[in-house]
Amino acid sequence: RPELNARKHAKTLDPKGNMDEQFPWHARYLIVMPGELLQLTSRNNVPAAVHRVVVATDAPRLSAPVLLRARPGTKMDVERYMGSLENADDLLLESNGMRMEAIHDALQPLSKQ
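Here the sequence shown is numbered in the numbering used here, starting from 1338 and rising by one per residue.
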């Protein structure tokens, strides 16, 4: 879980908790969760984040999503985005010319039926 990794890292930087009075550990970090389009264009180097929210009852939850999406119906143009087809790997070549909705559907895990 990303927040536990952040807390563990915070403890290594401030083992005595001296900074906690001014800035608690959770106020010192930003967690970025990439989406499917970044996964595709980064050639799977940055996987899309799968997550769920557990609501705490004792403190408010802060969230500031920034959603960057292609327009519905937009087709992936690998040559335009990557400069040439020579720079594309198999996943990008497979998605070339596909609509963004079809790419989204193809990246979803298979359901257990």
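Cβ atoms here follow ideal geometry from the backbone N, Cα and C, with glycine treated the same way.
In this text the structure is predicted, and so the values were computed from the model without any measurement.
Closest Cα partner of residue i within the set the options
i	options	result
I1440	H1346, G1354, E1373	E1373
K1412	S1400, R1436, T1378, D1357	R1436
V1391	K1345, V1415, S1400	S1400
D1414	G1434, N1355, R1389	G1434
R1406	E1416, T1394, L1422, L1375	L1375
P1446	P1397, A1385, H1346, K1353	A1385
A1343	P1397, P1361, E1423	P1361
P1409	L1341, L1422, E1438	E1438
Proximity below 8 Å, CB of residue i to CB of residue j
i	j	result
R1380	D1442	no
P1371	V1383	yes
L1377	S1432	yes
Reduced DSSP secondary structure (H/G/I, E/B, other) of residue i
i	result
R1380	coil
K1353	coil
R1406	coil
R1436	strand
Distance cut-off 7 Å: residue i Cβ against heavy atoms of the ligand SAH
i	result
A1425	With respect to small molecules bound, the structure shown includes none, and the ligand SAH cannot be examined in it.
Distance between beta carbons of residue j and residue i, contact taken as under 8 Å
i	j	result
L1429	M1419	7 Å
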